[in-house]
Amino acid sequence: MSIPPYRPSSAPHLGAYRSAPSYHHPAPPNPFYAARPPSSAARHQCTYCNKRFNRPSGLKIHLTTHTGDKPFVCPEESCGRSFSVRSNMRRHVRIVHQLTREGSGEPRATSES
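Next comes the structure, spelled out in structure tokens:
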């Protein structure tokens, strides 16, 4: 038994979805989502650039990009680096200073504040 050679016309299912009319209809709108006012999703707005945030903490972090404020200072005396976000400072301490301590034989810090 031999297999016939491939011809595009012999495989109408391939690519037919591109030229055939669509029979899909959009789902009806969900009344739960339609009842919420659109402004409730991002009601905390930046006074510099009008960007909106869901939480006040997101806006507070964002504002540091405009003000340049970096209130979180590395606790290592010889470092002096500062950060606008506390988690970035903590990551810096964990990666930079604790790895340095491991190499020098100093004990690792068990917790950070």
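Position one of the sequence shown corresponds to residue 1 (the UniProt record's numbering), numbered consecutively onward. Virtual Cβ for every residue (Gly too), placed ideally from N, Cα, C. Quantities reported herein were computed from a predicted structural model and do not represent experimental measurements.
Under the rule that 16 or more other beta-carbon atoms within 10 Å means buried, what is residue i, buried or exposed?
{"i": "HIS66", "result": "exposed"}
{"i": "LEU99", "result": "exposed"}
Name the one or two DSSP bridge partners that residue i has.
{"i": "VAL73", "result": "SER82"}
Measure the Cβ-Cβ separation of residue i and residue j and say whether it is below 8 Å.
{"i": "HIS44", "j": "GLU76", "result": "no"}
* To do: Counting only runs of 4+ residues fully inside the UniProt domain "C2H2-type" (44-71), write out the alpha helix (DSSP H) ranges in chain order.
  => Complete alpha helix (DSSP H) runs here, min 4: 56-67.
* To do: Check whether the stretch 68-82 touches the stretch 41-57, taking contact to mean three or more Cβ pairs, one atom from each stretch, closer than 8 Å.
  => The stretch 68-82, when compared against the stretch 41-57, does not touch it at the 8 Å Cβ threshold.
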